Amino acid sequence: MQNTAPEDLPTLQFYFESIGKPRAIKNTDLEQPGLTSPHAQALYYFARIYLERYEGVPISDLPDMVAFGNKHQLQWVIAEAKLNKAIEYIETDDVWQGELLLHDVINISREIGYKALQGRAYRWLGNAEIRRAQIKTGMRYYRTAFDLLDDSHFEIQVAMTLNNIASVYMDTSDWVRAENYINQAISTYLDKANNFDNSLFLGILYANKSVVGFAKEKYSESEYYFEQAVKLSMETGSDSLKHTSLANLSQLLNAMGKHDESLELAQQCLELPTSSPKSGAKASCYEAFSETYMSKKQFELAIVHANKALEQMSLTLTPESQERIGMLLVLVKANQALGRYEKAFYQLSKLRSLEKEYASHVNGEEMLDIKFELEAKLAQKELKLLEAQNDLQASKLQAQRYREIFYFLSLIGIASLGIRYVSRIKRVNRELAEQNVIDPLTQIHNRRYLPHWLRNMANTVPESMFSLAVIDIDYFKQFNDTYGHDKGDQMLKHVSSVIKRSVRSKDLLARWGGEEFVLVFEAKNIDECSKTLERLRKAVENEKLSINSLTLSATISIGAIKTMNVTMLNTNWDDCFMSADQALYEAKQAGRNQYKINSG
């Protein structure tokens, strides 16, 4: 933490201990001291937030920390408050809102040189991308986070970033790399020089260590680490981790054939208190029940609990596709075992639809090789079944038709979806056709529209040459502090309008988040690209904004990449964006109000 006065150092120590050693803090340390400095007050408030998150220590009368930061002109406070709000959004599945805030955090922390906070924001950007199954992008963010956090010696966050990278390799069943990274994470955490004591973080590390151990057939080790994870998770203030840990351990015991113990843990999961009965937190408990009852061949109970799990999943904003697939598979197999072939086939149709959606999303990631052969292999048989349904004259014949299909399914390995708990969480955020793609403030497109536009251009004019530019309004945070957020909003609308008028109708301008915009524009070569960027820079610099008696101005910094055909841009979007963002950073470092083109 920069510029901390000597009298604030005890509060700074309290802040760091709330993250790295929350269990070591005694109740007598929780009283707010007589703090005169707003900086120290902010440190105290953030420490109390982290104590509540990690150890369940309640807090009341917490001020709005963004407003607090604005009032006292503390940029680091605004950034950290936005980071915490972004985490809340992501953990409640509102990933887009979370990502928008995280980009604000990165911009602020970059400007004030707060690398540790910038690294934390990149780590959560990685988490957000992984939840949306954007594996490559998530991994890049994790690696950026690791570099920043390692450079700032924030070792507990380094450990969690290593754990996140391990989770990606667990997703792809690369158990050797997963084990390597999880071992590094645990080693960093347990290093005596650090002396960390955070039960939530260690619980997460041990839970993943258990999953890796089970995948590598180290069953005793796996059970030991999961028992430790459950014990630690019960000491945290995280309802989500408590439920997930108990449910996962229940499924682990089920896979080991310990069905009675599995049901006991599932019941403990169900009996845990929750902050809201409509949170969907009990979904994992019902999943554990359902899968264990399937193993015990108690099919009626498996069906009851699978339906309860699906009902709980529907309460979340973005139900996890893999978990829904698992429960639909239970319903298919249980109904098949009970001879209820029509019900089984109905659930199978839903399963196939979800598999197709999931496969199309995940197969776009080069790092994953998850293939769903069911769609192609089943299509012909399903068609024959549907054609035959109109003239089936006996229920016996009808049941036989269904039975043939399910026998066929068993041969092609529908059960190959595997044990659910070994699969890591995969949040699939479906972009519905009716989803709003216009930014309400500037009335230009938002980032959600970009993938649709790129795919359309790649399909219609695949060889057309385009460039990508990332645009940032210079010193916008200071502008907001000086003139207020209302005038800041007017400046955002003004700048976006100037840029929009300065590009062609077939180019795409989108608001990326905060004061950052993305422009995809047609340019045949690097000279055309340079001319366009200079034209935009001058247009914004020269066109003033008049508000009552005030005449206000702004400048922009631009980072861009060399031209390429739109098909390549669509295919390599993540790499292209990172290159343009790096060029933007170079433009800012060089003094702002200029453009840089990354020609690498």
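Using my numbering, read the sequence shown as starting at 1 and increasing by one per residue.
Ideal placement from N, C-alpha and C gives every residue a C-beta, glycine not left out.
No experiment lies behind these values; they were computed from the predicted model shown.
Burial state of residue i, where buried means 16 or more other Cβ atoms lie within 10 Å
i, result
"Lys282", "buried"
"Lys71", "exposed"
"Gly203", "buried"
"Ala580", "buried"
"Ala159", "buried"
"Gln443", "exposed"
"Ile547", "exposed"
"Glu129", "buried"
"Gln312", "buried"
"Ala121", "buried"
"Ile59", "exposed"
"Leu62", "exposed"
"Gln13", "exposed"
"Gly626", "This structure cannot settle anything about residue 626, because the visible part of the chain is limited to 1 through 600."
"Leu102", "buried"
"Lys596", "buried"
"Asn525", "exposed"
"Leu100", "buried"
Rounded distance between the beta-carbons of residue j and residue i, thought under 8 Å
i, j, result
"Ala560", "Ala539", "Wrong, their Cβ atoms sit about 16 Å apart, outside the cutoff."
"Tyr219", "Met256", "7 Å"
"Leu252", "Phe214", "6 Å"
"Lys21", "Asn195", "7 Å"
"Val230", "Ile182", "Going by Cβ atoms, the distance from Val230 to Ile182 rounds to 17 Å, so no, they are not a contact pair."
"Phe46", "Tyr15", "6 Å"
"Val587", "Ile558", "According to the sequence provided, residue 587 is Ala. The question's Val does not apply to it. 6 Å between Cβ atoms; contact."
"Thr292", "Leu263", "6 Å"
"Ile135", "Val168", "6 Å"
Secondary structure of residue i, DSSP reduced to three states
i, result
"Gly513", "strand"
"Thr551", "strand"
"His620", "Outside the modelled stretch of the chain, which goes from 1 to 600, sits residue 620, for which no answer is possible."
"Glu543", "coil"
"Ile597", "strand"
"Met578", "helix"
"Asn335", "helix"
"Leu74", "coil"
"Val437", "coil"
"Asp174", "coil"
"Asp104", "helix"
"Phe466", "strand"
"Gly559", "strand"
"Glu522", "strand"
"His445", "strand"
"Asn565", "strand"
"Asp472", "strand"
"Leu492", "helix"
"Glu508", "One detail in the question is off: residue 508 reads as Leu in this sequence, not Glu. Looking at Leu508 - three-state DSSP - the assignment turns out to be strand."
"Gln268", "helix"
"Val503", "coil"
Spatially closest choice to residue i from the options, by CA coordinates
i, options, result
"Gln75", "Lys477, Asn525, Trp573", "Lys477"
"Leu43", "Asp104, Gly69, Ile558", "Gly69"
"Tyr585", "Val470, Glu227, Thr551, Lys487", "Val470"
"Gln347", "Thr567, Val330, Lys136", "Val330"
"Asn198", "Ser173, Glu155, Asn542", "Glu155"
"Ile325", "Ser349, Asp574, Pro462", "Ser349"
"Asp574", "Arg140, Glu99, Glu17", "Arg140"
"Ala306", "Met327, Ser353, Val566", "Met327"
"Leu265", "Leu272, Lys258, Leu246, Thr274", "Leu246"
Span separating the alpha-carbon of residue i from that of residue j
i, j, result
"Ile419", "Gln336", "Bear in mind that a pLDDT of 33 at Ile419, under 50, signals an unreliable position, so the number given afterwards is only what the model happens to contain. Near 19 Å, if we compare the C-alpha coordinates of Gln336 and Ile419."
"Asn208", "Glu287", "19 Å"
"Trp124", "Ser496", "28 Å"
"Met578", "Pro451", "16 Å"
"Asp507", "Glu528", "14 Å"
"Asn456", "Arg447", "15 Å"
"Leu205", "Lys242", "14 Å"
"Val66", "Glu80", "8 Å"
"Tyr50", "Pro440", "33 Å"
"Met234", "Ser152", "31 Å"
"Leu148", "Gln118", "7 Å"
"Pro38", "Leu9", "13 Å"
"Leu610", "Ile556", "The structure shown does not extend to residue 610, since the chain is modelled only from 1 to 600, so the question has no answer here."
"Thr571", "Ala178", "27 Å"
"Asp104", "Gln97", "11 Å"
"Ile19", "Ala193", "16 Å"
"Leu270", "Cys285", "6 Å"
"Gly113", "Glu217", "46 Å"
"His494", "Leu545", "7 Å"
Test: residue i CB closer than 7 Å to a CB of chain D
i, result
"Gly69", "The chain inventory of the structure shown lacks chain D, comprising one protein chain alone."
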